[in-house]
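S.K.:
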Amino acid sequence: SQPREIQNEHVRVLFDPLTGHLKEIQNLDKSISLPVFQSFYWYNASIGNDKSLQASGAYIFRPNSSEPIPVAGSKQVSTYLVKNALVQEVHQNFSSWCSQVVRLRAGQPYLELEWTVGPIPVEDGWGKEIISRFETTLQTDARFYTDSNGRQVLERRRDYRPTWNLSQTEPVAGNYYPVNSRIFIKDKKFQLTVLTDRSQGGSSIFDGSLELMVHRRLLYDDNRGVGEPLAELGADKQGLVVRGRHLVLLDTVESAADRHRLLAQELFMAPYTVLAPGGGPSYRHG
Amino acid sequence: PGDSSVLREAVAVAQHHDAVSGTEKQHVANDYARQLAAGWDSCQLLVANALASLSGSKENFVFCNALNVSVCPLTEAASRVSTASGGLGGLWAPTGANAPCPSVPQFTVLLYNPLGRPMSWPIRLPVNGVSYAVTDPQGQPVPSEVSPGRPLRPPHLPLLFQASAPPLGFSTFTVSRLSRRDPRMPPTRTRVV
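Here the protein sequences line up with chains E and L, keeping their order. With this note's numbering applied, the first sequence covers 1 to 286. With this note's numbering applied, the second sequence covers 287 to 479.
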């Protein structure tokens with residue numbers, strides 16, 4: 001049986017009992033709830049095609065199809081639940097190279113998704129670009145919001161540019177934007193915000209959805225000057241394993257900024273832990 | 287003597303668009319990482335000296351750079367019965383997976399808060415004991431839990447507690463392991479389903 005829910009004073013999170021995926025987020029302070037499905041997918045990296053020889057690479061993101069492939073395949077996500085006085089978490093295993101901990105700590109008004117991705121398998125000869133995608137019922141009208149370069153949040157509109165008439169040739173890559181600290185979608189009442197702990201690419205490919213690219217491993221150079229594919233290896237000569245966090249906040253549009261502005265600062269200038277055996281001799285100045 | 291100029295140099299080099307966007311060859315990326323790591327090391331010495339001066343006590347300060355993957359030789363070793371191994375000279379112990387760490391019955395956690403407002407932060411440290419007593423800078427007990435890791439995972443379970451630190455300041459927490467007979471040992475309250 002898959003875990004059903006975790007909660008703290010501020011947030012309750014429901015999981016699909018059959019698939020183990022995230023199913024709904026509830027903001028208990030505001031009595032609002034939003035169906036939210038979240039999972040990991042991979043875009044098959046283009047190696048060039050009849051329309052364009054451009055391959056996906058270090059400079060270029062170009063999937064060879066607009067439909068990403070689910071990491072967990074058709075399998076359900078295996079999960080297990082940990083609950084104690086300080087934290088409630090659901091450990092999700094999407095595949096041997098993709099897992100996530102959905103965590104609610106006592107007193108924190110947001111949901112933490114700690115994802116671990118890699119080594120990305122490429123034995124099938126396909127480069128892969130891994131995304132974490134959120135799907136909701138928000139009527140977003142082709143709009144989403146990203147902070148480009150961390151300075152200001154800009155409104156993005158799918159297949160549109162405010163400063164010139166865009167004829168979209170890349171339905172996915174042409175709608176990806178830099179995300180340095182946050183991306184959010186909203187309708188007239190509710191806003192779903194995701195804070196990142198590093199710069200990532202992000203977009204909203206269809207209404208109500210939001211996605212962030214967390215890892216890439218490619219097999220071809222994109223012919224823009226690097227002269228080698230983007231395929232970083234770890235010390236073990238396997239593909240790099242990457243771990244990071246997404247903080248997810250559900251709030252009303254009016255009060256969303258109160259929360260994400262302070263939290264993004266805490267994420268960017270996180271406190272620093274230093275350890276010591278303790279009981280050392282006193283330090284005499286001079 | 288600590289020295290922040292090494293990190294400043296490394297960050298200056300990493301202003302290149304290749305370093306920012308990852309469009310360099312792999313060996314160049316490795317060199318950027320090497321320079322930044324050397325910068326971190328010499329800055330950690332500087333931070334250790336500052337903490338010793340500010341906290342008034344010399345310590346083998348340890349910076350566990352791999353806490354995000356639950357690796358910290360000091361906290362993992364702190365649960366074993368203490369052996370004769372002495373500490374390392376100086377104020378600062380090298381970090382890294384094989385850093386020789388004295389086996390001590392307790393350890394201290396310093397949390398530095400770089401923001402201009404008070405901060406509460408979740409601490410998560412790999413240990414291999416099952417119960418600990420945590421006290422805050424005022425000597426007050428802090429609720430803590432040792433949360434069972436994934437089934438069949440290595441024996442280092444995460445010790446969790448919520449730490450707070452003043453604006454632009456630091457707090458020192460003392461962590462000591464409880465033996466099974468210790469009356470302060472709370473019943474394990476963690477469920478794993």
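Cβ coordinates follow ideal geometry from the N, Cα and C atoms, glycine included.
Considering just the uninterrupted stretch of the alpha helix (DSSP H) at R259/E, what are its terminal residues?
M.R.: Locating residue 259/E in the first sequence gives position 259, counting from the first residue. Here the alpha helix (DSSP H) through R259/E covers 253–268.
S.K.: Could you give the DSSP three-state label for Q424/L: helix, strand or coil?
M.R.: Residue numbering aside, residue 424/L sits at position 138 when the second sequence is read from its first letter. The answer is coil: DSSP assigns Q424/L none of H, G, I, E or B.
S.K.: At the level of alpha carbons, what is the spacing between M213/E and N49/E?
M.R.: If you number the first sequence from 1, residue 213/E lands on position 213. If you number the first sequence from 1, residue 49/E lands on position 49. Rounded to whole angstroms, M213/E to N49/E spans 23 Å at the Cα level.
S.K.: What separation, rounded to the nearest whole angstrom, lies between the Cα atoms of T176/E and S167/E?
M.R.: Reading the first sequence from its first residue, position 176 is the one you call residue 176/E. Reading the first sequence from its first residue, position 167 is the one you call residue 167/E. A quick correction: the sequence has Tyr, not Thr, at residue 176/E. Between Y176/E and S167/E, the C-alpha separation is close to 15 Å.
S.K.: In chain L, what lies closer than 9 Å to Q54/E by C-beta?
M.R.: The residue given as residue 54/E occupies position 54 in the first sequence. Near Q54/E there are no residues of chain L at all, since even the closest Cβ is about 15 Å away, more than 9 Å.
S.K.: If you compare alpha carbons, which of T137/E, R284/E, L262/E, K186/E is closest to G402/L?
M.R.: The residue labelled residue 402/L in the question sits at position 116 within the second sequence. Selected option, being the one with the closest Cα: L262/E.
S.K.: In this structure, how does DSSP classify G73/E when only helix, strand and coil are distinguished?
M.R.: In the first sequence, counting from the first residue as 1, residue 73/E sits at position 73. Here G73/E sits in coil by DSSP.
S.K.: So does the stretch 195–209 of chain E actually touch the stretch 220–236 of chain E, counting three or more Cβ pairs closer than 8 Å?
M.R.: no
S.K.: Within this structure, are the beta carbons of P70/E and S96/E separated by less than 9 Å?
M.R.: To locate residue 70/E, count along the first sequence from 1; it is residue 70. To locate residue 96/E, count along the first sequence from 1; it is residue 96. Cβ atoms of P70/E and S96/E: not closer than 9 Å.
S.K.: Given a threshold of 16 other Cβ atoms within 10 Å of its Cβ, counted over all protein chains shown, does V306/L qualify as buried or as exposed?
M.R.: On the second sequence, position 20 is the one that residue 306/L refers to. V306/L should be labelled exposed.
S.K.: By a C-beta neighbour count over all protein chains shown, 10 Å radius and 16 as the cutoff for buried, is S465/L buried or exposed?
M.R.: Counting from one through the second sequence, the residue named residue 465/L turns up at place 179. S465/L comes out exposed.
S.K.: Check L301/L in the structure and name its three-state DSSP category.
M.R.: Residue mapping note: residue 301/L aligns to position 15 of the second sequence, counting from 1. Leu is not the amino acid found at residue 301/L; the sequence shown has Gln there. Coil at Q301/L, not helix or strand.
S.K.: Output, in chain order, the set of chain E residues within a Cβ distance shorter than 9 Å of A319/L.
M.R.: In the second sequence, residue 319/L corresponds to position 33, counting from 1. The premise fails here: A319/L is roughly 10 Å from chain E at the closest Cβ pair, so nothing lies under 9 Å.
S.K.: Of the residues that make up the stretch 8–40 of chain E, which ones have a beta carbon closer than 7 Å to any beta carbon in chain L?
M.R.: none
S.K.: Output the boundary residues of the beta strand (DSSP E) element that contains Q392/L.
M.R.: By one-based count along the second sequence, residue 392/L stands at place 106. Here the beta strand (DSSP E) through Q392/L covers 392–399.
S.K.: Pick from S462/L, G342/L, S457/L: whose alpha carbon is nearest that of V274/E?
M.R.: To locate residue 274/E, count along the first sequence from 1; it is residue 274. Selected option, being the one with the closest Cα: S457/L.
S.K.: So with Cβ pairs under 9 Å, would you call M213/E a contact of chain L?
M.R.: Translated into the one-based positions of the first sequence, residue 213/E becomes position 213. Not an interface residue.
S.K.: Would you kindly report the start and end of the unbroken alpha helix (DSSP H) that includes D327/L?
M.R.: In the second sequence, residue 327/L corresponds to position 41, counting from 1. Run containing D327/L: 312–341, per the alpha helix (DSSP H) assignment.
S.K.: Interface residues of chain L around L263/E at Cβ under 9 Å?
M.R.: For the purposes of this step, residue 263/E is taken as the residue at position 263 of the first sequence. Result: empty, since nearest Cβ-Cβ is about 11 Å, beyond 9 Å.
S.K.: Taking E114/E as part of the beta strand (DSSP E), name the residues at either end of that continuous run.
M.R.: Here residue 114/E is taken as the residue at index 114 of the first sequence, counted from 1. 111–117 is the span of the beta strand (DSSP E), which, as asked, contains E114/E.
S.K.: Can you find the residues in the same chain that come closer than 6 Å, C-beta to C-beta, to L299/E, ignoring five residues on each side of it along the sequence?
M.R.: In the structure as shown, chain E starts at 1 and stops at 286, and residue 299/E therefore has no counterpart that could be examined.
S.K.: Under a Cβ-count criterion, where at least 16 other Cβ atoms within 10 Å of its own Cβ denotes burial, should L462/L be classed as buried or exposed?
M.R.: By 1-based counting over the second sequence, the position of residue 462/L is 176. Contrary to the premise, residue 462/L reads as Ser rather than Leu in this sequence. When all chains shown are included, S462/L counts as buried.
S.K.: Secondary structure at S291/L, three-state DSSP: helix, strand or coil?
M.R.: Here residue 291/L refers to the residue found at position 5 when the second sequence is read from its first residue. Here S291/L sits in helix by DSSP.
S.K.: Nearest-angstrom Cα distance between S417/L and L443/L?
M.R.: As a first step, residue 417/L is located in the second sequence; it is residue number 131 there, counting from the start. As a first step, residue 443/L is located in the second sequence; it is residue number 157 there, counting from the start. Cα-Cα distance, rounded: 10 Å.
S.K.: Does the CB of L111/E have a neighbour CB from chain L at under 9 Å?
M.R.: In the first sequence, counting from the first residue as 1, residue 111/E sits at position 111. Closer than 9 Å: no.
S.K.: Could you compute how far the alpha carbon of A173/E sits from the alpha carbon of V242/E?
M.R.: Here residue 173/E corresponds to residue number 173 of the first sequence, with the count starting at 1. Here residue 242/E corresponds to residue number 242 of the first sequence, with the count starting at 1. Rounded to whole angstroms, A173/E to V242/E spans 22 Å at the Cα level.
S.K.: First and last residue of the alpha helix (DSSP H) that includes T361/L?
M.R.: Here residue 361/L refers to the residue found at position 75 of the second sequence. First-last of the alpha helix (DSSP H) with T361/L: 359–363.
S.K.: Look up L353/L in the DSSP assignment and say whether it is helix, strand or coil.
M.R.: Taking the second sequence and counting its residues from 1, one reaches residue 353/L at position 67. If DSSP states are grouped into helix, strand and coil, L353/L belongs with the helices.
S.K.: Excluding the five sequence neighbours on either side, which residues of its own chain have a C-beta within less than 6 Å of the C-beta of T150/E, listed in chain order?
M.R.: For the purposes of this step, residue 150/E is taken as residue 150 along the first sequence, with counting starting at 1. Just to set this straight, residue 150/E is Gly in the shown sequence, not Thr. Within the same chain, G150/E has close Cβ partners N180, S181.
S.K.: Would you please state the rounded distance, in angstroms, between the beta carbons of A451/L and P271/E? I believe it to be under 8 Å.
M.R.: Taking the first residue of the second sequence as 1, we reach residue 451/L at position 165. Taking the first residue of the first sequence as 1, we reach residue 271/E at position 271. The pair is a contact, with the Cβ atoms about 6 Å apart (cut-off 8 Å).
S.K.: Taking V292/L as the reference, give the member of G455/L, H302/L, E310/L, Q330/L with the closest Cα.
M.R.: Residue mapping note: residue 292/L aligns to position 6 of the second sequence, counting from 1. Selection G455/L, H302/L, E310/L, Q330/L evaluated against V292/L yields Q330/L as nearest (Cα-Cα).
S.K.: Once DSSP output is grouped into helix, strand and coil, what is the label at N175/E?
M.R.: As a working note, residue 175/E is residue 175 in the first sequence. DSSP places N175/E in helix when its eight states are reduced to three.
S.K.: With 8 Å as the limit, tell me which residues of the stretch 312–341 of chain L have their beta carbon closer than that to any beta carbon of chain E; keep them in chain order.
M.R.: Listed in sequence order: Q312, A315, V333, A334, L337, A338, S339, S341.
S.K.: Measuring only the C-alpha atoms, how far is V348/L from E211/E?
M.R.: Residue numbering aside, residue 348/L sits at position 62 when the second sequence is read from its first letter. Residue numbering aside, residue 211/E sits at position 211 when the first sequence is read from its first letter. Using only the alpha carbons, I get a separation of about 37 Å.
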